[in-house]
Amino acid sequence: MSTPMEKITHLLRSVTSHRDRKNLNFHYSYLINDEEISRLQFQHYVYQQVWDNSNFSAPVKDLLETDGTRILDVGCGPATWLLEMATEYQKSNFTGIDIKPTYPTETKPSNVNFQQADLLTSLPFEDNTFDYVFCRAMMFAFRKTDWEVAIKEICRVCKVGGYVEFMEKDIVIENEREFTRKLRSKLTVELMKKNVEPIISQKIEDYIRNTNKFSIVKHDQRSVMIGGADKLGKEYKDLFTWGARNLKDAMKKSGYNVDWGSIEKSIEEISDSRCCDKIHRIWARKGECNSMVEVH
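Below, the structure is given as structure tokens:
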């Protein structure tokens, strides 16, 4: 008999249409191809370890174990998070949306549905449809001006009493040295030219609060070493390097002159300096009150 993880792996292998998206009419800083899909799948399992093997921080476990609970995964990509959650919480119904299907279209669990949809042009759902809306790693998919639009739309489809949750990392490195700081600053400038917001976590919290639709807003964060001797540090360094390489490839195709040697030097400096990334989860409960922000 197959284990739940083996079933998920089989489903992910059935994903099709991973063509390069660079010519499509939407904004994403990475090229979406088989290489990037594989990175996103690896990223899921590394981030899961960062959060003590938990796929969420919002207090939704009881909801997930209740018949008929509806969950929406926004920008689901290859649907690694959604498929794992649907396998674990079989009483709930899961919907994944993305602007272009890179999720399994033929074989999937009975409690999973996918829809091709653009969050920024209105989701195909009524107000107050979902008990829990999850959204992560969208920094490179949204322009600066998109975030407020996206959060308002996510709020609209979330039920009163339901929860929304975001997970992002800022382009900030703790304990960085001079060479890395200069290289990161150059990257930040180039991303801002593309209207990417490189430090988004606090702004997500602010946008949620500004809707005046949430009674509780909480912001959790974890630091993870990039390198080091333990398994997580090594895997996070691999993920960090993989992400840098894929972003480099995308920038070169857009006409930027990227020196991979400098990037490799920076990654080794980061590892030697025991530098850390911070991963943020911001979750909120939709209610009738004005927001009361609790940060920890």
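Numbered per full-length UniProt numbering, the sequence shown spans residues 1 to 296. C-beta atoms are modelled at their ideal positions from N, C-alpha and C, and glycine is treated no differently. Values in this document were obtained by computation on a predicted structure and should not be read as measured data.
Could you pull out every residue in the same chain whose Cβ sits closer than 7 Å to the Cβ of residue i, ignoring the five residues on either side in sequence?
i	result
residue 39	242, 243 and 246
residue 64	89 and 92
residue 248	258, 260 and 263
residue 180	173, 266, 269 and 270
Express the C-alpha separation of residue j and residue i in angstroms, rounding to a whole number.
i	j	result
residue 137	residue 186	21 Å
residue 84	residue 92	12 Å
residue 74	residue 160	18 Å
residue 298	residue 162	What the structure shows of the chain is the stretch from 1 to 296, and residue 298 is not part of that stretch, so it cannot be assessed.
residue 146	residue 120	7 Å
residue 213	residue 220	20 Å
residue 95	residue 110	11 Å
residue 194	residue 232	32 Å
residue 188	residue 76	25 Å
residue 267	residue 62	41 Å
residue 229	residue 66	41 Å
residue 99	residue 183	32 Å
residue 310	residue 148	No answer is possible for residue 310: it lies beyond the span of the chain, which begins at 1 and ends at 296.
residue 239	residue 142	21 Å
residue 34	residue 42	12 Å
residue 192	residue 97	26 Å
Is residue i close to chain D? Criterion is C-beta to C-beta, closer than 7 Å.
i	result
residue 284	The chain labelled as chain D is not found in the depicted structure, where only one protein chain is given.
DSSP on residue i, reduced to helix/strand/coil?
i	result
residue 103	coil
residue 94	strand
residue 215	strand
residue 26	Since pLDDT at residue 26 reaches only 37, below the 50 mark, its modelled position is unreliable, and no value is offered.
residue 167	strand
residue 58	coil
residue 205	helix
residue 132	strand
residue 317	For the chain, the structure presents residues 1 to 296; residue 317 sits outside this window and is missing.
residue 182	helix
residue 33	coil
residue 245	helix
residue 140	coil
residue 274	coil
residue 158	strand
residue 111	coil
residue 17	Low confidence applies here, because residue 17 scores a pLDDT of 37, under 50, leaving its location unreliable; read the following figure in that light. The answer is coil: DSSP assigns residue 17 none of H, G, I, E or B.
residue 118	coil
residue 283	strand
residue 224	strand
residue 39	helix
residue 73	strand
residue 126	coil
residue 176	coil
Check whether the Cβ atoms of residue i and residue j sit closer than 7 Å, and answer yes or no.
i	j	result
residue 158	residue 130	yes
residue 168	residue 201	yes
residue 277	residue 224	yes
residue 78	residue 105	no
residue 282	residue 173	no
residue 197	residue 144	yes
residue 177	residue 273	yes
residue 86	residue 112	yes
residue 210	residue 275	no
Give me the Cβ distance between residue i and residue j, rounded to the nearest whole Å; I'm assuming they're in contact under 8 Å.
i	j	result
residue 226	residue 270	5 Å
residue 151	residue 208	6 Å
residue 237	residue 155	Actually they are not in contact, since the Cβ atoms of residue 237 and residue 155 sit about 36 Å apart, beyond 8 Å.
residue 258	residue 252	5 Å
residue 135	residue 114	About 16 Å; that fails the 8 Å criterion.
Skipping 5 residues on each side, what residues in its chain have a beta carbon closer than 6 Å to that of residue i?
i	result
residue 222	50 and 279
residue 53	none
residue 133	72, 154, 158 and 164
residue 58	163, 165 and 283
residue 235	46
residue 116	101
residue 125	157
residue 69	63, 92 and 131
Note down, in chain order, each residue of its chain lying with its Cβ closer than 8 Å to the Cβ of residue i, except the 5 sequence neighbours on either side.
i	result
residue 122	153
residue 81	44, 55, 73, 134 and 136
residue 48	54 and 55
Can we count residue i as close to the ligand ADP, meaning its CB is less than 6 Å from some heavy atom?
i	result
residue 233	Of ligands this structure carries none, so the ligand ADP is not represented either.
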